[in-house]
Structures are given as structure tokens and as C-alpha cells.
Amino acid sequence: MLKFKDGFYADVRVETVFTTSIKYRDGALEESKNTTVKTAFLRVFDGDMWYYASTYKLGELQAELDKLYANATPNKDIAKNATVRRFESNKANIRKFADNCVKSKSLAEKGRLLTEKFPLLKSEHLKMFVAVYADKYSEIEFYSSLGADIKYDFQLCGVRFGASFADGDNNFTSSLSRSDDCLEKIAVGDKEVKEFIEEAEYFLMNAQPVTAGEYPVILSPETTGVFAHESFGHKSESDFMVGDETMRKEWAIGKKVGGDVLSIYDSGLEDGSGYRPFDDEGTSAKKTYLIKNGVLSGRLHSAATATDLNEELTGNARAISCDFEPIVRMTSTVIEAGSLTKEELFAGVKHGYFIKDYKHGSGMSTFTIAPNLAYEIVDGKIGKPVKIAVITGSVFETLNLIDGLSDKAEIISSAFGGCGKMEQFPLNVSFGGPYMRISKMSVQ
């Protein structure tokens, strides 16, 4: 039992993380291992400064905490501090994955999710493939001097098949992946693998370079999600606004930033890779609308940024591990569904492009998405495959050019990679949305 001293705010976060990594290249096993790591992150705040420590010696937590106290200055009024007053003192024990934990599954069982598909990974133009399985099971504990006592778990697993195709000097690389919170949900069917190979070969043999210009564009739910994450989610992380009056004015709450059809939210309550019932300051997860019916409605906070901007906590103080302090990060960032069917959405485009998936994306005031699979749209129908280097635009302009959303949204999880910010990468997040139509974008 930890002993917290009067005159300070303090909290301790403990994580036990189990992971699995399995990798095959062209059918040959390159890696198959489990690891378990236990770490802790400790903080003490005296009203003026934060004092941090990270340790793998979980039997010496009190000694580490006492060292931090020794460096800080006691403050009899610490309870009145504006930041300390915002901290929640939640008590919870949420074991969502204990009965279906990936720790209980063997390496052989996990590996079969890959190896059973190897006979299907063959074609005239397939030159190399990589098959990967990854999982993570975390048990998190959080204690604070305010009485917080939280325990919960997190689980994520995924499979990915990446393949390289070539026809002479013409090359194309694509991947098929699925991630979710248990093994039963990530099995890929034979039909999906065959369709993946067929589409990649068709794209290799038939895709032509696009004629650069401005066109209507429709994004798939996956690409809609990366647009929400890169072009707007990062802008909503409020630590970017601390001490920046220009940015505060640019992103003033209540400002009209998009059409009435557009609503974007962030929530740690969604199942998948963005699930986080409590953040790393012990704040309970909340559904925070960043944009509601085109109006800027909120932003993401830690206790410090909520204090600085005089706004409410959102449950978005997160760290990638106990080696780092929590900073403002996204969880699940989602564009809400609209009212159009997918067919109605496409019918509104006489000539434009459909972005099915992407290689990477980035952005703040201006964003770019590099498509992987993309197709021409002609008279509301998907046509020939095209090679597009990037689609790009101003965030503010593009938000106002969103003129249609399909009536079903998907949230995309990933057990591979994650979000990066400063030195903290990768962080488990998810994103998604419906099929989204943008009336004009720069296509190159």
C-alpha cells in the first residue's frame, strides 16, 4: 500500500504489458515470441513543478515516490491548486478481457491465423509476401493522493498480409489486415485473400497516372478516419494552443468550420484500439464532440491544458508507456454518419475519384493523404484504377467542402503502428467514419 504525503499531489501508474510477435517472410518463420514487461510511472506536484520517475522495480515504488517528495516543496494549499482541483478521484475495477485473454492462446494457435492462408498467397505477379501477427494485453493500475484507485485491462490483436507485385518495371505493394480485441474477430477468410490478390494484380496491370487537377473525391471509411485524425484530430489536442493566442482565436469554440452535415467526436469508450476507460491521469473517458453540425464544439485535454483554457476534462492525457509522462492525445476519432446511402453518395459525382485506402497521411493547417488503391468515378460509378500520388488541401477549406456522408460509419482499429507525437510513438488509437464526399480537392 502506497503512502501519500500531505502537502503534495501525487499519482502512480503501473502497467503490466504482455505482447506477441509472429512474422513470416515468403512462408519462412522469422520471429515468434511472447514478452511481458512490468513498469511504473510516478508523479509528484507541489503547485509549481512536476517531478517524475519511471521504474521497473515495482517492489520499490514507495522509495521512488519518497525520492520525488524529497525534491519537491510542501504546499499546505495544494488542494486549492487549480489543476489539482480538476483531477478526478475515480474508483473502478474493469476486467473486460479476463475471460478471453490473448495470454491464454498458444503461439501455434496464433500462428495458424497466418499459415493457413499461405497456399492462397500465390499468383503470377506476386514476388514477395510478409505475414505478421501481433497482440497486446495490458493491465493498468492507477492510484492518486486524492483517493483514485483504478484497475482495468486493454486488449488488441491483429493479422496483416503484405505483398509486393511486379510486371517488368511496374511495381505495386498492397496489404490486407484486420485488428480487433480478440482472436475470433481477426480471422481472414479465404475469399478475402483471393479478392485481395486479384484486386492487387488488376491494379498493377491497369492503373494509369491521374491527370492532376481539382476534382470531387469520395473517401472510404478508413480514409475518412485518417482524414479526421490527421487533418483535425491533432489540431484539437489543446496543448498546441497553450501560450498561442493566434491559434486560440483561429480555433475559437462556437466558430463555424464546416457544413451542417459534419460532426466529429473523440471517445475512449469505443471498442478497439482506441478503447481507454480512463486516461493516464485517472480521468474517466468521455465522448467529446470536436465539431457538432459544422460548429467547433470542443477540444481534447489533460488536467493542465483544461486549467489553462478553463475548459472541462475530456480523458485524453495519455502516454505510450510508463517510460513517458502523459500528454494530450486522441483515442477514437470518428466522423459521424450522415443520411445518404453509399449509392446516393456516389451518384452525386459525375467525374471524380474514390480513395479506397492509403499509404500514409499527415497534416495540421494543410493536410496530405497518399492513396494506395484509388479509382476513377464516372457518372456515379466506380471505373478504372488510377495512380494518385497525393490528395491535399487546406483543413478549413476542406471541412467546408464536405457535402455528403453515407449512413453507416465504421471504426478502424490497428494492432500495427499507431499515432506519433513528439517522441512518443506508437500510441494505440482508432479512427473512422462513413464514406465521405468532398466536392473539390487537389488531386496529384
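Quick note on this note's numbering: the sequence shown kicks off at 121 and runs consecutively. From the three backbone atoms N, C-alpha and C, an ideal C-beta is built for every residue, glycine too.
Inset, instruction - Would you check if the distance between the CB atom of Glu530 and the CB atom of Gly552 is smaller than 7 Å? - result: yes
Legend entry - In chain order, each beta strand (DSSP E) run of at least 3 residues that lies wholly inside the region 466 to 551: 471 to 475, 478 to 483, 486 to 491, 494 to 498, 501 to 507, 511 to 514, 522 to 525, 530 to 532, 539 to 541 and 544 to 547
Inset, instruction - Consult DSSP for Asn430 and reduce its assignment to one of helix, strand or coil. - result: coil
Legend entry - Cβ-based neighbour list, Thr155, same chain, cut-off 6 Å, excluding 5 preceding and 5 following: Thr139
Inset, instruction - Can you have a look at Thr198 and say buried or exposed, based on whether 16 or more other CB atoms are within 10 angstroms of its CB? - result: Residue identity differs from the one stated: residue 198 is Ile in this sequence, not Thr. Its Cβ being crowded by 16 or more others within 10 Å, Ile198 is buried.
Legend entry - Spatial distance of Arg396 from Glu244 (CA atoms): 44 Å
Legend entry - Straight-line gap, Leu188 to Phe238 (C-alpha atoms, nearest Å): 54 Å
Inset, instruction - Can you say whether Ile373 is buried or exposed, counting buried as having 16 or more other CB atoms within 10 angstroms of its CB? - result: exposed
Legend entry - Cβ contact (3+ pairs, closer than 8 Å) linking the region 411 to 429 and the region 379 to 391: yes
Inset, instruction - Check the DSSP bridge columns for Leu416 and list the partner residues they point to. - result: Ile411
Inset, instruction - Report the residue from Asp399, Ser393, Ile508 and Val308 whose alpha carbon sits nearest the alpha carbon of Leu433. - result: Asp399
Legend entry - DSSP state of Ser224 mapped onto helix, strand, coil: helix
Inset, instruction - Determine the extent of the alpha helix (DSSP H) in which Pro341 is found, giving its start and end residues. - result: Pro341 to Phe347
Inset, instruction - Say whether the region 428 to 446 touches the region 457 to 473, bearing in mind that this needs 3 or more beta-carbon pairs closer than 8 Å, one atom from each stretch. - result: no
Legend entry - Runs of beta strand (DSSP E) lying entirely within the region 149 to 199, each at least 3 residues, in chain order: 170 to 175
Inset, instruction - Determine which residues share a DSSP beta bridge with Lys256 and list them. - result: Thr139 and Leu276
Legend entry - Cβ pair Ser566, Leu416 closer than 7 Å: Outside the shown range of the chain (121 to 564) lies residue 566, about which nothing can therefore be said.
Legend entry - CA-to-CA distance, Tyr176 to Ala332, given in whole angstroms: 54 Å
Inset, instruction - Take Asp255 and list the residues in its own chain whose beta-carbon comes closer than 6 Å to its own, dropping the five residues that flank it on each side. - result: Thr140, Val222 and Cys277
Legend entry - Buried/exposed call for Glu318, threshold 16 Cβ in 10 Å: exposed
Inset, instruction - Compute the Euclidean distance between the alpha carbons of Glu184 and Ala173, then round it to the nearest angstrom. - result: 7 Å
Legend entry - Backbone secondary structure at Phe262 - three-state DSSP: strand
Legend entry - Short Cβ contact (7 Å threshold) for Ile489 with Tyr478: yes
Inset, instruction - Using three-state DSSP, classify Val362 as helix, strand or coil. - result: coil
Inset, instruction - Name the two residues that bound the continuous beta strand (DSSP E) containing Asn201. - result: Careful: Asn201 lies outside any beta strand (DSSP E) and carries neither H nor E.
Legend entry - Thr408, buried or exposed, once every other Cβ within 10 Å from all chains shown has been counted against 16: buried
Legend entry - Burial state of Met542, where buried means 16 or more other Cβ atoms lie within 10 Å: exposed
Legend entry - Closest Cα partner of Asp428 within the set Gly363, Gly388, Ser452 and Glu464: Gly363
Legend entry - Proximity below 7 Å, CB of Thr159 to CB of Glu259: no
Inset, instruction - Can you check DSSP and say which residues form a bridge with Ala283? - result: Phe249 and Ser294
Inset, instruction - Grab the span of the alpha helix (DSSP H) containing Asn326 for me, first residue to last. - result: Asp310 to Asn326
Inset, instruction - Per DSSP, which residues does Asp131 bridge with? Please list them. - result: Arg163 and Ser264
Inset, instruction - Grab the span of the beta strand (DSSP E) containing Ala212 for me, first residue to last. - result: Lys211 to Ile214
Legend entry - For Leu122, the three-state DSSP class (helix, strand or coil): coil
Inset, instruction - Report buried or exposed for Tyr100, applying the criterion of at least 16 other Cβ atoms within 10 angstroms of its Cβ. - result: Since the first residue of the chain shown is 121 and the last is 564, residue 100 is not available in this structure.
Inset, instruction - Give the DSSP bridge partners of Leu460, in chain order. - result: Ser526
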